[in-house]
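Colleague: One structure is given below, represented as structure tokens, and several questions about it will come after.
Written out as structure tokens, the structure reads:
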């Protein structure tokens, strides 16, 4: 199963990024083999729509779940519509987050955890 984890770096030892739409990297991991693809987030600096555009990118990678620190309302709705499980409140490294998910220690999020402007440069 493919799982997307927001990350501050480009590998499994990177720290989970607390932002979704404006995270530094998306790490798309095969939960069985731990093979991964690191994608530098092209939406990090956009003025608006980062959550929606990032959600579409991740849905296009066939990720079945997203693990992140937080997620805004637009990204939440877009991922939910694509059938992607959303889990927030995640911290530690990408590898630790994947292990916690596989062990059933993380619960799905029922709604956005931040407002739509979270993570925007001030």
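Residue numbers (our numbering): 126 to 247.
Positions of the beta carbon are idealized from the N, C-alpha and C atoms, including for glycine.
Because the structure is a prediction, the values reported are computed rather than measured.
Candidates 149, 176 and 187: which alpha carbon is nearest residue 156's?
Modeller: Nearest option by C-alpha distance: 187.
Colleague: In angstroms with no decimal places, state the Cα-to-Cα distance between residue 229 and residue 172.
Modeller: Approximately 36 Å between the Cα atoms of the pair.
Colleague: Counting along the chain, where does the beta strand (DSSP E) carrying residue 165 start and finish?
Modeller: Counting along the chain, the beta strand (DSSP E) containing residue 165 begins and ends at 161-165.
Colleague: On the criterion of 16 or more Cβ atoms from any shown chain inside 10 Å, does residue 216 qualify as buried, or is it exposed?
Modeller: Exposed: under 16 other Cβ atoms inside 10 Å.
Colleague: How big is the Cα-Cα spacing for residue 163 and residue 135?
Modeller: Approximately 5 Å between the Cα atoms of the pair.
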